[in-house]
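A.B. asks:
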Amino acid sequence: MKRSSANNLVVFFLSAIAFSSCTQLGTFEKNVEIPKHEWSYSNQPEIKFNVTDTVSVYNVFVSLRHTDAYAYKNLWLYISTQQPGDSTFSKERFELTLQNQNGEWIGTGMSDIWEVRCPLFTNIRFTRQGTYTIRLQQTMRDNPLMHIMNAGIRIEKAN
Numbered sequence: 007m008k009r010s011s012a013n014n015l016v017v018f019f020l021s022a023i024a025f026s027s028c029t030q031l032g033t034f035e036k037n038v039e040i041p042k043h044e045w046s047y048s049n050q051p052e053i054k055f056n057v058t059d060t061v062s063v064y065n066v067f068v069s070l071r072h073t074d075a076y077a078y079k080n081l082w083l084y085i086s087t088q089q090p091g092d093s094t095f096s097k098e099r100f101e102l103t104l105q106n107q108n109g110e111w112i113g114t115g116m117s118d119i120w121e122v123r124c125p126l127f128t129n130i131r132f133t134r135q136g137t138y139t140i141r142l143q144q145t146m147r148d149n150p151l152m153h154i155m156n157a158g159i160r161i162e163k164a165n
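Residues 7 to 165 in the numbering used here are what the sequence shown lists, from first letter to last.
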């Protein structure tokens with residue numbers, strides 16, 4: 007009988023820790039690997055995420071990982087978004103700044119790999135419950151665009 011109570015207590019504490027970790031973070035992130043680090047026009051990573059909370063406010067970021075051999079200070083993207091229930095995408099052009107005015111990489115770096123997160127939408131509310139889709143397409147002159155490792159989306163609950 008005591009062993010069962012102890013097991014239940016352990017399960018309760020592990021569940022409480024796991025639950026509190028999930029609720030405190032309030033984040034979603036998905037990054038898609040770019041094969042051979044060569045991002046072609048036809049490769050359009052699609053990120054799908056489910057929204058159940060239409061009351062809270064969120065920040066949405068584009069995340070990008072590149073090598074220091076990347077040749078440009080920025081990256082132009084088409085960001086296409088689709089809300090639940092819609093059959094079409096809304097498409098906008100977006101610039102990711104990758105270097106500051108001194109030519110230094112922005113973001114976090116380790117060795118020759120750099121990661122940057124750029125705000126796409128700030129303090130927004132998702133108006134519909136369901137599955138949202140965001141599609142990323144590089145629109146630089148180079149096809150394929152070399153030295154891009156991953157592209158993705160990060161969503162955080164705003165404070």
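Beta carbons: idealized from backbone N, C-alpha and C, even for Gly.
From what residue to what residue does the beta strand (DSSP E) around residue 51 run?
C.D. replies: Taking the sequence shown and counting its residues from 1, the one referred to as residue 51 is at position 45. Looking at the DSSP string, residue 51 is not in any beta strand (DSSP E), and its letter there is neither H nor E.
A.B. asks: I'd like to confirm the pairing. Which residues does DSSP put opposite residue 71 in its beta bridges?
C.D. replies: Stepping through the sequence shown from its first residue, residue 71 is reached at position 65. 121, 156, per the DSSP bridge assignment.
A.B. asks: Around the Cβ of residue 144, are there at least 16 other Cβ atoms within 10 angstroms (buried) or fewer (exposed)?
C.D. replies: On the sequence shown, residue 144 is found 138 positions in, with the first residue counted as 1. The residue is buried, with at least 16 neighbouring Cβ atoms inside 10 Å.
A.B. asks: What residue range is occupied by the uninterrupted beta strand (DSSP E) comprising residue 142?
C.D. replies: Within the sequence shown, the letter at position 136 stands for residue 142. Segment 136 to 144, the beta strand (DSSP E) holding residue 142.
A.B. asks: Using only CA atoms, which one of 120, 107, 96 lies nearest to residue 2?
C.D. replies: Because the chain is modelled from 7 through 165, residue 2 falls outside the range shown and cannot be assessed.
A.B. asks: Counting Cβ pairs, one atom from each stretch, are 3 or more of them under 8 Å apart for the stretch 105 to 112 and the stretch 151 to 160?
C.D. replies: Too few Cβ pairs lie closer than 8 Å, so no.
A.B. asks: Between the C-alpha atoms of residue 100 and residue 68, what's the straight-line distance to the nearest angstrom?
C.D. replies: Taking the first residue of the sequence shown as 1, we reach residue 100 at position 94. Taking the first residue of the sequence shown as 1, we reach residue 68 at position 62. Looking at the two C-alpha atoms, the distance is approximately 10 Å.
A.B. asks: Do you know how far the Cα of residue 103 is from the Cα of residue 79?
C.D. replies: As a working note, residue 79 is residue 73 in the sequence shown. As a working note, residue 103 is residue 97 in the sequence shown. Roughly 6 Å between the two C-alpha positions.
A.B. asks: Just how far apart, CA to CA, sit residue 134 and residue 38?
C.D. replies: Taking the first residue of the sequence shown as 1, we reach residue 134 at position 128. Taking the first residue of the sequence shown as 1, we reach residue 38 at position 32. Distance between the alpha carbons of residue 134 and residue 38: 25 Å.
A.B. asks: Under 8 Å by Cβ, that's how I've got residue 88 and residue 138 pegged, so tell me the actual separation to the nearest angstrom.
C.D. replies: Your numbering for residue 88 matches position 82 in the sequence shown. Your numbering for residue 138 matches position 132 in the sequence shown. Indeed, because the Cβ distance is near 7 Å, the residues count as touching under 8 Å.
A.B. asks: From the DSSP secondary-structure annotation, give me the bridge partner or partners of residue 35.
C.D. replies: Mapped onto the sequence shown, residue 35 falls at position 29. Residue 35 is bridged to 160.
A.B. asks: Within the stretch 82 to 106, note down every full beta strand (DSSP E) run reaching 3 residues or more, in order along the chain.
C.D. replies: You should have 96 to 103.
A.B. asks: Take residue 34 and list the residues in its own chain whose beta-carbon comes closer than 6 Å to its own, dropping the five residues that flank it on each side.
C.D. replies: By 1-based counting over the sequence shown, the position of residue 34 is 28. These residues qualify, in order along the chain: 55, 161.
A.B. asks: With a CB to CB cut of under 6 Å and the five nearest residues on each side skipped, what residues in its chain are close to residue 76?
C.D. replies: Counting from 1 along the sequence shown, the entry for residue 76 is found at position 70. Excluding positions up to five away in sequence, the list reads 153.
A.B. asks: Return the Cβ separation of residue 164 and residue 61 in integer angstroms, given the expectation that the two are a contact with Cβ distance under 8 Å.
C.D. replies: Position 158 of the sequence shown, counted from the first residue, corresponds to residue 164. Position 55 of the sequence shown, counted from the first residue, corresponds to residue 61. Between residue 61 and residue 164 the Cβ distance is about 12 Å, and since that is not below 8 Å, they are no contact.
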